[in-house]
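S.K.:
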Amino acid sequence: MNQLIQEIYDGIIDGQAPLVTQKVQQALDSDVDPAAILNQGMIAAMAEVGKRFEEGEYFVPEMLIAARAMQAGLALLKPRLQQTDLRSSGKVVIGTVKGDLHDIGKNLVIMMLEGQGLTVHDLGIGVHESRFVEAVRDEKPDVLAMSALLTSTMTEMKVVIDALTNAGLRDAVKIIVGGAPVTAEFAARIGADAYAFDAPEAAQKCKELLSK
Ligand code: B1M
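The sequence shown begins at 285 in this note's numbering and counts up by one.
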């Protein structure tokens with residue numbers, strides 16, 4: 285692994301936001317591929333943090349400071365992961381479902397969507413189904429995107445879809461779901477229109493939904 289990517293990886297695991305910021309800048313200045321920084325340095329580090337949490341070596345505070353370090357690095361990567369000269373080609377409303385505070389994956393999805401020229405309205409984290417319904421009614425997006433990172437909250441996606449159906453809005457919008465515990469089978473079972481494994485695939489699937 286490239287030395288700078290290794291240092292970014294270690295910095296995230298240790299929750300060293302200033303160090304991660306410095307190393308990401310150095311890597312970008314040295315023409316290291318931004319996708320390699322993201323995938324090998326950052327996402328891989330968060331997977332290791334999750335493993336340490338599962339094994340009882342890390343607790344919530346360690347996860348939190350690792351997340352802050354990753355977010356600090358992501359802010360620098362953002363302009364390099366996006367093309368800037370694209371006109372809006374569709375609108376997406378996105379949020380992490382009720383009871384779920386994880387937003388790094390969702391924020392990455394937003395970066396990729398914006399990078400594809402889509403306009404994104406971010407509802408944030410812990411979004412109640414009524415907020416999703418309200419946003420579909422008011423914002424009139426082409427696509428509604430939902431993220432969930434907990435097995436206990438992924439079921440909220442079905443609650444949102446049912447709430448949209450009850451409000452007579454289900455057919456007004458395409459729905460895409462994703463997040464670590466979510467699968468294509470689950471997406472089909474709850475009546476979503478699409479599932480994406482990661483952020484680049486989410487952008488690609490949204491484009492496909494827009495062309496239907
Ligand atoms: Co949490 N957490 N966490 N956590 N956390 C996980 C998810 C966990 C897997 C850790 C573990 O046990 N190994 C576990 C969930 C177990 C489960 O339900 N299966 C867990 C737990 C248990 C918890 C708490 C319950 C812990 C506690 O309090 N005892 C608690 C819950 C709080 C809540 O939400 N109500 C909690 C809290 C937290 C923090 C707040 C400390 C922090 C989040 C900070 C933040 O997001 N701002 C945190 C973190 C950092 C993690 C881990 C370590 C990292 C998550 C992350 O950011 N990954 C995570 C372990 C892991 O993932 N291995 C863990 C990097 C990110 C880029 O990946 O979010 O998966 P991810 O996004 C991916 C894909 O999933 C996908 O694209 C991204 C990649 O391109 N994707 C989509 C995401 N959304 C998408 C939407 C799409 C398409 C693709 O379409 C719309």
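Even glycine gets a Cβ: it sits at the ideal position worked out from N, Cα and C.
(1) Hey, F416 and L397: beta-carbon distance below 8 Å or not?
(2) Would you grab the beta carbon distance between C490 and I460 for me? Rounded to a whole angstrom, and I think it's under 8 Å.
(3) Cα separation between R352 and L303?
(4) Give every residue of the same chain whose Cβ lies closer than 6 Å to the Cβ of P318, excluding the five residues on either side of it in the sequence, and list them in chain order.
(5) Unbroken beta strand (DSSP E) runs of length 3 or more, entirely within the stretch 335-391: which are they?
(6) Look up D298 in the DSSP assignment and give the residues it is bridged to.
(7) Just grab the DSSP bridge partners of T283 for me.
(8) Rounding to the nearest angstrom, what Cα-Cα distance links G234 and L493 in this structure?
(9) Taking DSSP as the reference, what is the three-state secondary structure of A476?
(10) Can you grab the Cα-Cα spacing for the pair V381 / M430, in whole Å?
(11) Return yes when the Cβ of M285 is within less than 8 Å of the Cβ of Q324, no when it is not.
(12) By a C-beta neighbour count over all protein chains shown, 10 Å radius and 16 as the cutoff for buried, is P425 buried or exposed?
(13) Could you work out which residue in I321, A301, M330 is closest to A464 when comparing CA atoms only?
(14) Locate the beta strand (DSSP E) running through K458, then write down its first and last residues.
(15) Should M395 be counted as a contact of the ligand B1M given a C-beta to heavy atom distance under 7 Å?
(16) Taking C-beta to C-beta, are V308 and G357 nearer than 8 Å?
(17) Could you tell me whether the Cβ of E339 comes closer than 8 Å to any Cβ of chain D?
(18) Considering only heavy atoms of the ligand HEM, does any lie closer than 7 Å to the CB of L433?
M.R.: The short version:
(1) Counted from its first residue, the sequence shown places residue 416 at position 132. Counted from its first residue, the sequence shown places residue 397 at position 113. No.
(2) Your numbering for residue 490 matches position 206 in the sequence shown. Your numbering for residue 460 matches position 176 in the sequence shown. Right, their Cβ atoms sit about 6 Å apart.
(3) The residue you call residue 352 lines up with position 68 of the sequence shown. The residue you call residue 303 lines up with position 19 of the sequence shown. Straight-line Cα distance between these residues: approximately 12 Å.
(4) The residue given as residue 318 occupies position 34 in the sequence shown. Cβ within range, chain order: L361, R364, L365.
(5) 375-380
(6) Here residue 298 corresponds to residue number 14 of the sequence shown, with the count starting at 1. According to DSSP, which records beta bridges pairwise, D298 is partnered with nothing at all.
(7) The structure shown does not extend to residue 283, since the chain is modelled only from 285 to 496, so the question has no answer here.
(8) Since the first residue shown for the chain is 285 and the last is 496, residue 234 is missing from the structure and cannot be characterised.
(9) The residue labelled residue 476 in the question sits at position 192 within the sequence shown. DSSP places A476 in coil when its eight states are reduced to three.
(10) The sequence position of residue 381 within the sequence shown is 97, counting from 1. The sequence position of residue 430 within the sequence shown is 146, counting from 1. Going by the C-alpha atoms only, they are around 7 Å apart.
(11) Residue mapping note: residue 324 aligns to position 40 of the sequence shown, counting from 1. Residue mapping note: residue 285 aligns to position 1 of the sequence shown, counting from 1. In this structure, M285 lies closer than 8 Å to Q324 by Cβ.
(12) For the purposes of this step, residue 425 is identified with residue 141 of the sequence shown, where counting begins at 1. Classification for P425: buried.
(13) Within the sequence shown, residue 464 is the residue found at index 180, counting from 1. The residue with the shortest Cα to Cα distance from A464 is M330.
(14) To locate residue 458, count along the sequence shown from 1; it is residue 174. First-last of the beta strand (DSSP E) with K458: 458-462.
(15) Reading the sequence shown from its first residue, position 111 is the one you call residue 395. Result no, Cβ not under 7 Å from the ligand B1M.
(16) Position 24 of the sequence shown holds residue 308. Position 73 of the sequence shown holds residue 357. Cβ distance < 8 Å, so V308 and G357 count as in contact.
(17) This model lacks chain D altogether; it includes just one protein chain.
(18) In the structure shown, the ligand HEM is absent; the only ligands present are the ligand B1M.
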